[in-house]
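Student: Read in order, the letters of the sequence shown are residues 27 to 327 in the UniProt record's numbering.
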Amino acid sequence: WPVFADDVDAILALKRERNAVILAHNYQTPEIFHCVADVVGDSLALASKAVATDADIIVLAGVHFMAETAKLLNPDKTVLIPDLGAGCSLADSITPEDVRLMRASYPGVPIVTYVNTSAAVKAESDVCCTSGNARRIVEKLGVPRVIMLPDEYLARNIAAETDVEIIAWKGHCEVHERFSPAEVRQLREDHPGVVVLAHPECPPEVVAEADFSGSTALMSDYVAEHRPARVVLLTECSMSDNVAVQHPTVDFVRPCNLCPHMKRITLANIRKALETGQHEVTIDPAVAAPARRAVERMLEL
Ligand code: 13P
Ligand code: SF4
Numbered sequence: 027w028p029v030f031a032d033d034v035d036a037i038l039a040l041k042r043e044r045n046a047v048i049l050a051h052n053y054q055t056p057e058i059f060h061c062v063a064d065v066v067g068d069s070l071a072l073a074s075k076a077v078a079t080d081a082d083i084i085v086l087a088g089v090h091f092m093a094e095t096a097k098l099l100n101p102d103k104t105v106l107i108p109d110l111g112a113g114c115s116l117a118d119s120i121t122p123e124d125v126r127l128m129r130a131s132y133p134g135v136p137i138v139t140y141v142n143t144s145a146a147v148k149a150e151s152d153v154c155c156t157s158g159n160a161r162r163i164v165e166k167l168g169v170p171r172v173i174m175l176p177d178e179y180l181a182r183n184i185a186a187e188t189d190v191e192i193i194a195w196k197g198h199c200e201v202h203e204r205f206s207p208a209e210v211r212q213l214r215e216d217h218p219g220v221v222v223l224a225h226p227e228c229p230p231e232v233v234a235e236a237d238f239s240g241s242t243a244l245m246s247d248y249v250a251e252h253r254p255a256r257v258v259l260l261t262e263c264s265m266s267d268n269v270a271v272q273h274p275t276v277d278f279v280r281p282c283n284l285c286p287h288m289k290r291i292t293l294a295n296i297r298k299a300l301e302t303g304q305h306e307v308t309i310d311p312a313v314a315a316p317a318r319r320a321v322e323r324m325l326e327l
């Protein structure tokens with residue numbers, strides 16, 4: 027605590043002075059998640075809570091696509107990301123041109139785009155989804171076939187749960203693709219009775235070995251509801267650290283796959299963002315309008 031106290035105190039004071047809020051993703055480190063964030067959650071919660079704030083400034087403690095989504099939903103507010111290099115391997119896996127080519131290859135098939143994409147890719151899409159609502163969005167469209175971009179594993183995991191045919195892209199999350207079925211079996215052998223929760227960005231063979239699969243918020247809800255004696259969350263490392271604080275009686279097994287993009291955000295650069303107003307997220311209005319429609323359609327559905 028003493029190591030962080032200066033930055034935490036400064037951030038809390040700056041938030042009051044500037045009428046700012048901090049939205050933090052579940053993968054942020056515990057000192058951000060527990061000490062300075064106003065809203066914490068999965069991508070869906072951050073997108074929907076971003077609409078509700080009356081602050082003048084939103085600091086997004088997460089990755090760039092999350093800050094863009096907050097900006098899309100709050101065009102008149104200042105949205106800051108403490109490090110512009112906080113990207114995402116899924117967002118980097120697809121371009122707007124790729125989406126146009128997919129549309130041309132499958133005329134009339136709706137394009138459902140994961141929020142882990144740039145605003146320019148969202149702008150080419152019909153509707154967005156998150157890992158927390160992907161199945162619902164796909165089914166609510168009421169069509170026999172959809173294109174789901176860009177996460178191949180999320181698309182295949184949702185395809186296993188629904189009758190809707192899903193055409194996938196080839197993007198992967200560099201954190202979740204590293205989990206393997208052999209690792210899950212080893213975890214069960216080493217930690218008898220462990221309950222295995224997997225994020226749907228994991229390969230389908232890993233999800234098949236798990237006891238439950240869901241977004242980061244759904245994993246957290248699972249632990250709160252079931253209070254397993256021992257659990258492992260197959261997702262980014264900080265998630266277990268954050269959830270474990272709320273459940274001191276649960277034994278968390280913690281293999282650590284770290285997201286280097288999420289870890290670019292620190293207390294020091296959050297403080298700097300509030301002090302200097304850097305880095306402001308802006309989106310070309312010609313891109314923002316269609317991208318916003320895709321995100322808003324998701325929230326409506
Ligand atoms: P969630 O929406 O489940 O929080 O996932 C976001 C993400 O980036 C997972 O890698
Ligand atoms: Fe992107 Fe994966 Fe990092 Fe999430 S964990 S931000 S999907 S690279």
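Glycine included, every Cβ here is placed at the ideal spot set by N, Cα and C.
(1) What does the Cβ neighbour count give for T308, buried or exposed, with the cut at 16 atoms within 10 Å?
(2) Using only alpha-carbon positions, find the residue among H305, L300, R323, P316 that is nearest to L40.
(3) Since P122 contacts V147 with CB under 8 Å, what's their CB separation in whole angstroms?
(4) According to DSSP, simplified to helix, strand and coil, what is L99?
(5) Among the candidates H217, A36, M288, whose CA atom is the shortest distance from the CA of C263?
(6) List the residues that DSSP assigns as beta-bridge partners of S264.
(7) Quick one: what's residue 15 bridged to in DSSP?
(8) Which whole runs of the beta strand (DSSP E) in the segment 120–185 are 3 residues long or more, in chain order?
(9) When DSSP builds the beta bridges, which residues end up paired with S239?
(10) Between A160, D33, L38, which has its C-alpha nearest D177's C-alpha?
(11) Given 7 Å as the limit, tell me if C228 has its C-beta closer than that to any heavy atom belonging to the ligand SF4.
(12) Alpha carbons only, please: which of S246, V201, C199, P229 is nearest the one belonging to V221?
Tutor: Considering the structure as presented:
(1) Stepping through the sequence shown from its first residue, residue 308 is reached at position 282. Burial is judged here by how many other beta carbons sit within 10 angstroms of a residue's own beta carbon; T308 has fewer than 16 and is exposed.
(2) Walking along the sequence shown from the start, residue 40 turns up at place 14. L300 is the residue among H305, L300, R323, P316 whose C-alpha sits nearest the C-alpha of L40.
(3) What you label residue 122 is simply residue 96 of the sequence shown in a count that begins at 1. What you label residue 147 is simply residue 121 of the sequence shown in a count that begins at 1. Going by Cβ atoms, the distance from P122 to V147 rounds to 6 Å, so yes, they are a contact pair.
(4) Position 73 of the sequence shown, counted from the first residue, corresponds to residue 99. Note: L99 maps to helix in three-state DSSP.
(5) As a first step, residue 263 is located in the sequence shown; it is residue number 237 there, counting from the start. Ranking the options by Cα distance to C263, first place goes to M288.
(6) For the purposes of this step, residue 264 is identified with residue 238 of the sequence shown, where counting begins at 1. None; S264 has no bridge partner.
(7) Nothing can be reported for residue 15, as the shown portion of the chain is limited to 27 through 327.
(8) Along the segment 120–185, the beta strand (DSSP E) occurs as fully enclosed runs of 3 or more residues at 137–140, 153–155, 171–175, listed in sequence order.
(9) Within the sequence shown, the letter at position 213 stands for residue 239. For S239, which the question treats as bridged, DSSP gives the partners A224.
(10) Numbered from 1 along the sequence shown, position 151 holds the residue referred to as residue 177. Closest by alpha carbon: A160.
(11) Here residue 228 refers to the residue found at position 202 when the sequence shown is read from its first residue. Checking the Cβ of C228 against the ligand SF4 gives no.
(12) One-based indexing of the sequence shown puts residue 221 at position 195. Nearest option by C-alpha distance: S246.
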